[in-house]
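Trainee: In my numbering, the protein residues as written are 2 to 248. Ideal placement from N, C-alpha and C gives every residue a C-beta, glycine not left out. The structure presented is a predicted model; accordingly, all values stated were derived computationally and were not measured. Take a look at the following structure, please.
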């Protein structure tokens, strides 16, 4: 019974976090649109499944993956050779991003939209392959981003050197072209950084900055997430313009 108490608290916390969006949907569905779902029991069952699933996901991450990842990140940051540290950063970024549910959802929707587009015909088998390619391509980009973030901390380079040029290039591309992959790239870059890998990235950045005397954990340890979000966007755009006819 004692072991169930933290789970019950996590369940209540998840319900509290879900309450605003549930209330918003209910109000607009009933009062504004005046249309109620045809299968309210099925809808209720789905909401309960989401509530339980999110609770178990977050609780499971807190009990297993987060402590292991934080311990590894701290140990590598304090005692690891730069070469091993860079390899660990890539592996951490790649592995945690492949497991991101948000990225999987965006990749699947992007692939479905591409298949539905008459300018991008594809079969169902190609759809499945394309979804996997998008996920692993973005994960590869995020692995490179963590390597870049670690190298920035080691060298003490200002974060602004990476943020302004990177987002400047994306803004320029968005202003000059109506290519359909620009919006996809922006969403993929954002979805690549979510519940699973953000705590691990922060642990790596803060742990590394704290272990270096000439670095400040607050100034140098943060910024890893913005680089991790930016790099997959740039790589996806580059791949789209190079590999897809007409961009």
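(1) Let me check understanding here. Comparing Cα to Cα, which of 12, 218, 7 lies closest to residue 208?
(2) Could you give the DSSP three-state label for residue 197: helix, strand or coil?
(3) Out of curiosity, what's the CA-to-CA distance linking residue 235 and residue 42?
(4) Between residue 126 and residue 20, what straight-line distance do the alpha-carbon atoms span, to the nearest angstrom?
(5) Is it true that the CB of residue 95 sits closer than 8 Å to the CB of residue 148?
(6) In terms of residues, what are the limits of the alpha helix (DSSP H) holding residue 158?
(7) I'd like the ranges of any beta strand (DSSP E) spanning at least 3 consecutive residues and lying wholly in the region 11-47.
(8) Of all the options 48, 170, 206, 88, which has the alpha carbon lying nearest to the alpha carbon of residue 150?
(9) Look at the alpha carbon of residue 32 and the alpha carbon of residue 170, and state the distance between them as a whole number of angstroms.
(10) Mind checking residue 29: buried by the 16 CB within 10 Å criterion, or exposed?
(11) By DSSP, does residue 101 sit in helix, in strand, or in coil?
(12) Just checking: is the beta-carbon of residue 147 within a distance shorter than 8 Å of some beta-carbon in chain C?
(13) With DSSP as the reference, label residue 65 as helix, strand or coil.
(14) Kindly indicate which residue of 242, 53, 15 has the alpha-carbon position closest to the one of residue 178.
(15) For residue 59, which of 212, 26, 200 has the nearest alpha-carbon?
(16) Would you mind working out which of 46, 101, 39, 57 sits nearest residue 7, comparing C-alpha positions?
(17) Taking the alpha-carbon positions, what's the residue 105 to residue 188 distance?
(18) Could you give the DSSP three-state label for residue 210: helix, strand or coil?
(19) Report yes if the CB atom of residue 174 is closer than 8 Å to the CB atom of residue 183, and no otherwise.
(20) Near residue 108, what residues of its chain come up, given a Cβ to Cβ distance below 6 Å and the 5 sequence neighbours on each side ignored?
Mentor: With the structure as the only source:
(1) Residue mapping note: residue 208 aligns to position 207 of the chain shown, counting from 1. Put simply, of 12, 218, 7 the residue whose alpha carbon is nearest the alpha carbon of residue 208 is 218.
(2) Taking the chain shown and counting its residues from 1, one reaches residue 197 at position 196. Residue 197: coil per DSSP, three-state reduction.
(3) If you number the chain shown from 1, residue 235 lands on position 234. If you number the chain shown from 1, residue 42 lands on position 41. Taking the straight line from one Cα to the other gives about 44 Å.
(4) Taking the chain shown and counting its residues from 1, one reaches residue 126 at position 125. Taking the chain shown and counting its residues from 1, one reaches residue 20 at position 19. Between the C-alpha atoms of residue 126 and residue 20 there is a straight-line separation of about 38 Å.
(5) In the chain shown, residue 148 corresponds to position 147, counting from 1. In the chain shown, residue 95 corresponds to position 94, counting from 1. At a Cβ-Cβ threshold of 8 Å, residue 148 and residue 95 do not count as neighbours.
(6) As a working note, residue 158 is residue 157 in the chain shown. The continuous stretches of alpha helix (DSSP H) do not include residue 158, and DSSP gives it neither H nor E.
(7) Qualifying beta strand (DSSP E) stretches: none in this window.
(8) The count along the chain shown starts at 1 and reaches residue 150 at position 149. Residue 206 is the option with its Cα nearest to residue 150.
(9) Position 31 of the chain shown holds residue 32. Position 169 of the chain shown holds residue 170. Distance between the alpha carbons of residue 32 and residue 170: 44 Å.
(10) Taking the first residue of the chain shown as position 1, residue 29 is located at position 28. Residue 29 should be labelled exposed.
(11) Here residue 101 corresponds to residue number 100 of the chain shown, with the count starting at 1. Residue 101 sits in coil when the DSSP states are folded into three classes, being neither helix nor strand.
(12) Within the model displayed, chain C is absent; a lone protein chain is all it includes.
(13) By 1-based counting over the chain shown, the position of residue 65 is 64. Note: residue 65 maps to helix in three-state DSSP.
(14) The residue labelled residue 178 in the question sits at position 177 within the chain shown. The residue with the shortest Cα to Cα distance from residue 178 is 242.
(15) Translated into positions along the chain shown, residue 59 becomes position 58. Residue 200 is the option with its Cα nearest to residue 59.
(16) Locating residue 7 in the chain shown gives position 6, counting from the first residue. It is 57 whose Cα lies nearest to the Cα of residue 7.
(17) The sequence position of residue 105 within the chain shown is 104, counting from 1. The sequence position of residue 188 within the chain shown is 187, counting from 1. The alpha-carbon separation between residue 105 and residue 188 amounts to approximately 12 Å.
(18) For the purposes of this step, residue 210 is identified with residue 209 of the chain shown, where counting begins at 1. Annotated three-state conformation of residue 210 is helix, per DSSP.
(19) Here residue 174 corresponds to residue number 173 of the chain shown, with the count starting at 1. Here residue 183 corresponds to residue number 182 of the chain shown, with the count starting at 1. Less than 8 Å divides the Cβ of residue 174 from the Cβ of residue 183.
(20) Translated into the one-based positions of the chain shown, residue 108 becomes position 107. Counting only Cβ-Cβ distances below 6 Å, and skipping sequence neighbours, we find 132, 135, 136.
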